[in-house]
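Quick notes on the structure that follows.
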Amino acid sequence: MHVRYAASARPVVRPRWVWLAVALEVFTALGAIPVGAMLLADPSGGTAGLPRSWIESSVFGSYFVPGLYLLFVNGFGMLALAGLTVRRQWLAPWLTGTLGVGLIVWIAVEIVVLPETSFLTWTFLATGVALGFLALAWLRVAGQLRLW
């Protein structure tokens, strides 16, 4: 039996430096999953050590919605993306850029909404920026994007 694969089903080129993206995706997931789970279990933020006053006056009112995003997008989403990247799935470079920008937006909202930032805030902002640039370079090398 002869099986034909669509062009999109072919493995994408994965330069060695893309392993940095995998490490950043796993790092983000490992930070996001436990905190997201804590925020869902206790939307007041007490379990995660976050003051309720930081979120009460925001559009969210509690940490439940941020907990959902943190758990499913920055947590499980990044973990799934790391798996897609390892498997060289053709969509991986695009999702690396998308979730990298999503992480940047997440941190920007955090900076605007919360009265204090920490070292981790800036670390995850740098992680999002790095994922964005890695995605652009990867798409360029893979011939899926022509910017320069």
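Under the working numbering, think of the first position of the sequence shown as 456, with each following residue one higher.
For glycine and all other residues, C-beta sits at the position ideal for the given N, C-alpha and C.
Given the structure is predicted, the values throughout are model-derived calculations rather than measurements.
Excluding the 5 residues flanking it on each side, Ala597 has same chain C-beta neighbours closer than 7 Å at Val467, Val468, Pro548, in chain order.
The residue from Pro498, Gln599, Ile562 with its alpha-carbon nearest to that of Ala581 is Ile562. With a 10 Å radius around the Cβ and a threshold of 16 neighbouring Cβ atoms, Pro521 comes out buried.
If only complete runs of 4 or more residues are kept, the stretch 510-545 shows the alpha helix (DSSP H) at 519-524, 533-541, in order along the chain. In the DSSP annotation of this structure, the continuous segment of the alpha helix (DSSP H) that includes Arg595 starts and ends at 574-596. In the structure shown, Glu480 falls within a helical segment according to DSSP collapsed to helix, strand and coil.
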